[in-house]
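Report on one structure; see the data block that follows.
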Amino acid sequence: DAKTTQPPSMDCAEGRAANLPCNHSTISGNEYVYWYRQIHSQGPQYIIHGLKNNETNEMASLIITEDRKSSTLILPHATLRDTAVYYCIVRGHAGGTSYGKLTFGQGTILTVHP
Amino acid sequence: GAVVSQHPSRVICKSGTSVKIECRSLDFQATTMFWYRQFPKQSLMLMATSNEGSKATYEQGVEKDKFLINHASLTLSTLTVTSAHPEDSSFYICSAPHLNYGYTFGSGTRLTVV
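This is how it looks when you write it as structure tokens:
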């Protein structure tokens, strides 16, 4: 698996955009970037994933650089309930034959404050 | 979206007894299930991978005779912690690959061994 690097913690004011960076300089051509979050004492929750194009869904936007060596997860209007640990993971797509196992790093602890 | 139902959510057991944790995929077939363990303030650590119809694969350092995994059908995987001890107290999480969400996770089981 390609290794990812994330800042250990970030703060964000409620209502503002939260931009969470992730470096994955060793990503290979068929690997996707996945983002998950884990709220305290719950299982991880899927947020978004992408290959090379920017993606947006009801939860967030994912911006992937042209060289695919880094990405940014954007929560456009953070709320207190977005306080969680956010994990950036690079992996083959689950629909393919090479998805394998997910390896979690330490993630970014995002704290949204009033 | 895809749901993995995990039960129980919380269990307290006496030292020396066994505890079974179930994970069911509710609206899709899970040929593979990943089992993770998470200690306080730490990231998820993969314990083992179960595959329907074959033996589970354990990560290095995980005792297969202590953590029995059974993948009885395409919708059910179980983890049994045998002869539990206080050091087995942890948060256990299952995960299954899904075409649309990469990997979908159970809500976790908080095991406390007293």
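Chains A and B are the protein sequences, given in the same order. Take the first sequence: its letters are residues 199 to 312, numbered as in the working numbering. Take the second sequence: its letters are residues 13 to 126, numbered as in the working numbering. Idealized CB from N, CA, C, for every residue including glycine.
- Distance from the CA atom of B/Gln41 to the CA atom of B/Leu91, rounded to whole angstroms, is 18 Å.
- Boundaries of the beta strand (DSSP E) harbouring A/Asp209: Ser207 to Ala211, taken from the DSSP string.
- If you compare the alpha carbons of A/Gly298, A/Tyr230 and A/Thr277 with that of A/His222, the shortest gap goes to A/Tyr230.
- Nearest in C-alpha terms to A/Ala276, of all of A/Asp209, A/Thr202, A/Lys201 and A/Asp265, is A/Asp209.
- Non-local beta-carbon contacts of B/Lys26 in its own chain, meaning distances under 7 Å to residues more than five positions away in sequence, involve Val126 in chain order.
- Take the alpha-carbon of A/Thr263 and the one of B/Gln50: they are about 32 Å apart.
- Using a CB distance cut-off of 8 Å, A/Tyr284 does not count as an interface residue toward chain B.
- In terms of Cβ geometry, B/His110 and B/Ala14 form a close pair [threshold 8 Å].
- Going by C-alpha positions, B/Gln18 is about 15 Å away from B/Val93.
- Separation of B/Glu99 and B/Leu38 (C-alpha to C-alpha, rounded to the nearest whole angstrom) is 32 Å.
- DSSP assignment within the region 22 to 55 of chain B yields the following whole beta strand (DSSP E) runs of 3 residues or more, N-terminal first: 22 to 25, 31 to 37 and 44 to 50.
- With a threshold of 16 other beta carbon atoms within 10 Å, B/Ile24 falls short and is exposed.
- The residues Phe103 and Ile105, in chain order, have a CB closer than 6 Å to that of B/Gly120 in the same chain once the five nearest residues on each side in sequence are set aside.
- Spanning the alpha carbons of A/Gly298 and A/Arg289 requires a straight line of approximately 8 Å.
- Contact between A/Pro219 and A/Ser268 holds, with the beta-carbon distance rounding to 7 Å and staying under 8 Å.
- Chain-order list of chain A residues neighbouring B/Tyr113: Tyr244, by C-beta distance under 7 Å.
- Put simply, of B/Met59, B/Thr124 and B/Met45 the residue whose alpha carbon is nearest the alpha carbon of B/His97 is B/Thr124.
- Just measuring C-alpha positions, the residue of A/Gly248, A/Ile237 and A/Gly213 sitting nearest A/Asn228 is A/Gly248.
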